[in-house]
Structures are given as structure tokens and as C-alpha cells.
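> According to our numbering, the sequence shown is numbered sequentially starting from 69.
Glycine is no exception: its CB is placed at the ideal position from the N, C-alpha and C atoms.
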Amino acid sequence: MKDLVFALSQSWSALPSSTIKSSWKKLWPDIITTPSNDPQISVTSDVIEQVSTETQISPEDLEVWCRGMDKEENVFLEMSDEDIIKEVSNNTTNDQEDNDDVIATAPQVTDQDAVNAFELGLQWAEENGTSYNELLLLRRLRDKALISRYNNLKQKKIDEYFKAS
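(1) Are three or more beta carbon pairs between the region 145 to 156 and the region 171 to 190 nearer than 8 Å?
(2) Assuming Ala213 and Leu203 make a contact with CB atoms under 8 Å, what is their CB distance in whole Å?
(3) What is the rounded straight-line gap between the Cα of Lys224 and the Cα of Lys231?
(4) Identify whether Gln124 lies in helix, strand or coil by the three-state DSSP scheme.
(5) Where do the ends of the alpha helix (DSSP H) carrying Val73 lie?
(6) With DSSP run on the structure shown, which of helix, strand or coil describes Gly197?
(7) Specify, as a first and last residue, the run of the alpha helix (DSSP H) that Ile88 falls within.
(8) Measure the C-alpha to C-alpha separation of Ile88 and Ala182 and round it to an integer number of angstroms.
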């Protein structure tokens, strides 16, 4: 029974909200409404004055900030082809210098080891009365490890079945 509840919970959480919305559209077509555009919020000069006195920011700067960036301001740097080439070549030399400092990493955990660890963790959690949310989390992680193991398996070729042992 517990496995059934976990499977139902997992299936429900995997269901996208768009599926639920589209099913309601079919069941109750009158519920469909068009989303209205958000009204533009206008900032009055009184608000700007109050904020400028409290934050010590000039009212002109606050007005520019409220309006957003001016259209004539260009945030992006306009670079010539030569400037772009110089920038890229400088970055590649910096990357090469950074690669010299690479530190060896720990060996990667195999999918089978992860599955075994989650199975052991599930057994411990069930024996010690942990919450269902934590059990569900462990089951999801175990399922991810199982799917990863399945996806990483190499398919045997047909002639491998006919080789004499």
C-alpha cells in the first residue's frame, strides 16, 4: 500500500500544470479568459521627492531609474573586429594559464553504487520512522540513479550472443 501511495505521489508531481489547465478548458470552456496586461505603474513626483530625501539619491537619478534605461544610452560596447580578436586572444591565454592549476578530482561514483546507497538509505529511513516526504525524496533519488544506470548501459551487439564461451 505504501508503494502505491509513493507511486501516486510521484505521478502527480510529474504531471505538468499545462495538462491540468488544458483539461479544464475542455471541461469548462467558459472559464477561459484572456490575461489582461499589467497596468503601468506611474511614480509621482511626491514619491520621488520622499525617496530622494530618505536615500540621499538625487531626484533626477531616481526619475531615470523609474523610467528605465534611456533609449539613447547604449549598454553594449561597440568593438571593431580587431578589438574582438584581441579580447578573445587575451581570454585564451588566460584560460591556458588557469588550466595549469587544475586539481585532480575524486573518482566518480558509479550509478550502481548510488542505487545501492539509496536502497540502504531507504531501508534505514523506514526502520527509523522518518517522514514520508523524506522517504519520497530518497525514492526519487534512487529512481534517478536507476534511470541513469539504465541510460548508460551499453547495448550488446547481436554477434556477442553467438560467441563461444
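This is what the structure holds:
(1) no
(2) As a working mapping, residue 213 is identified with position 145 in the sequence shown. As a working mapping, residue 203 is identified with position 135 in the sequence shown. Rounded to the nearest angstrom, the Cβ distance from Ala213 to Leu203 is 16 Å, too far for a contact under 8 Å.
(3) Counted from its first residue, the sequence shown places residue 224 at position 156. Counted from its first residue, the sequence shown places residue 231 at position 163. Each residue's Cα considered, the two are about 12 Å apart.
(4) In the sequence shown, counting from the first residue as 1, residue 124 sits at position 56. Gln124 falls in the coil class under three-state DSSP.
(5) Looking up residue 73 in the sequence shown gives position 5. Unbroken alpha helix (DSSP H) run through Val73: 70 to 82.
(6) If you number the sequence shown from 1, residue 197 lands on position 129. Coil.
(7) Within the sequence shown, residue 88 is the residue found at index 20, counting from 1. Here the alpha helix (DSSP H) through Ile88 covers 85 to 95.
(8) As a working note, residue 88 is residue 20 in the sequence shown. As a working note, residue 182 is residue 114 in the sequence shown. Cα-Cα distance, rounded: 34 Å.
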